[in-house]
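Peer 1: Position 5 of the sequence shown, counted from 1, bears residue number 5 in the UniProt record's numbering, the numbering being contiguous throughout.
Beta carbons: idealized from backbone N, C-alpha and C, even for Gly.
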Amino acid sequence: MKVNQPQNTRTRTRELTMAAMVAALYAVLSYFGNFFGLTYGPIQCRFAEALCVLPFLFPATAPGLFVGCLVTNLMSTVGPLDTVLGSLATLLAALWTARMPNRWLAPLPPVLCNGVIVGAMITWYEVGFGPGFWGMFAFNGVTVALGELLACYVLGSILLTVLPRVGVLRAQIPAGRLRTEKN
1 MKVNQPQNTR TRTRELTMAA MVAALYAVLS YFGNFFGLTY GPIQCRFAEA
51 LCVLPFLFPA TAPGLFVGCL VTNLMSTVGP LDTVLGSLAT LLAALWTARM
101 PNRWLAPLPP VLCNGVIVGA MITWYEVGFG PGFWGMFAFN GVTVALGELL
151 ACYVLGSILL TVLPRVGVLR AQIPAGRLRT EKN
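1) Only counting the same chain, and skipping five residues up and downstream in sequence, which positions put a Cβ closer than 7 Å to that of Ala89?
2) Let me check understanding here. Comparing Cα to Cα, which of Thr97, Cys69 and Thr9 lies closest to Gly156?
3) Please work out which residues of its chain come closer than 6 Å, Cβ to Cβ, to Leu169, disregarding the five sequence neighbours upstream and downstream, and give them in chain order.
4) Let's test the definition: count the other Cβ atoms within 10 Å of the Cβ of Thr39 and tell me whether it reaches 16, buried, or not, exposed.
5) Step through the CB atoms of chain D and report whether any lies within less than 9 Å of the CB of Pro131.
6) Quick check: the region 15 to 28 against the region 53 to 62, are at least 3 beta-carbon pairs closer than 8 Å?
7) Helix, strand or coil for Lys182? Go by DSSP, reduced to three states.
8) In this structure, does DSSP put Cys69 in helix, strand or coil?
9) Excluding the five sequence neighbours on either side, which residues of its own chain have a C-beta within less than 7 Å of the C-beta of Val67, listed in chain order?
10) Going by the beta-carbon positions, is the gap between Met121 and Leu149 smaller than 9 Å?
In structure tokens, the structure reads:
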């Protein structure tokens with residue numbers, strides 16, 4: 001049993017390091033995206049959201065995405081609501097992405113989770129649950145989902161194509177994912 005322990009410790013350290021790097025990269029990309037006004041609001045395209053496809057190849061990155069989003073949302077214009085709900089939407093999307101059967105469906109959970117959860121949150125912040133909620137929710141949900149679609153299906157798909165070709169990273173990808181990433 002002790003023979004496996006160093007390998008297990010090494011694997012956990014590697015996974016923790018990868019999650020921490022993803023958290024930092026997410027926060028930095030979001031910070032710089034805010035200079036262009038793309039990080040917060042009903043019309044947003046967080047370039048950092050492209051990282052939300054990573055749990056498909058590296059399941060251990062899901063907590064890092066949550067932490068990176070949490071740090072980013074601490075600066076949100078919506079305040080504590082975005083810190084909690086926006087970060088949980090990213091965590092839910094990351095966990096769901098890790099369970100996707102193929103690389104073409106991997107970007108879908110962030111698009112759906114953020115379109116619905118963040119779209120509803122922004123709408124509540126703007127108009128409350130009054131009579132204008134559903135109309136604004138349709139607008140906000142679609143615009144947030146479109147931003148996610150751009151980030152995850154365009155930029156994220158590039159990551160899903162390139163990362164398995166990097167030898168050091170390829171060794172970290174579960175074997176089943178290497179088979180399904182061609183699908």
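Peer 2: In short:
1) In the sequence shown, counting from the first residue as 1, residue 89 sits at position 89. Answer for Ala89: Cys113, Asn114, Ile117 and Val118, listed in chain order.
2) In the sequence shown, the residue the question calls residue 156 occupies position 156. Of the candidates Thr97, Cys69 and Thr9, the one whose C-alpha sits nearest the C-alpha of Gly156 is Thr97.
3) As a working note, residue 169 is residue 169 in the sequence shown. Around Leu169: Leu163.
4) Counting from one through the sequence shown, the residue named residue 39 turns up at place 39. Under this definition Thr39 is a buried residue.
5) In the structure shown, chain D does not exist; there is a single protein chain.
6) yes
7) One-based indexing of the sequence shown puts residue 182 at position 182. Only weak support exists for where Lys182 lies, its pLDDT of 48 falling under 50; the coordinates are left without a value.
8) To locate residue 69, count along the sequence shown from 1; it is residue 69. If DSSP states are grouped into helix, strand and coil, Cys69 belongs with the helices.
9) Taking the sequence shown and counting its residues from 1, one reaches residue 67 at position 67. Counting only Cβ-Cβ distances below 7 Å, and skipping sequence neighbours, we find Ala23.
10) Looking up residue 121 in the sequence shown gives position 121. Looking up residue 149 in the sequence shown gives position 149. For Met121 and Leu149, no; Cβs fall outside 9 Å.
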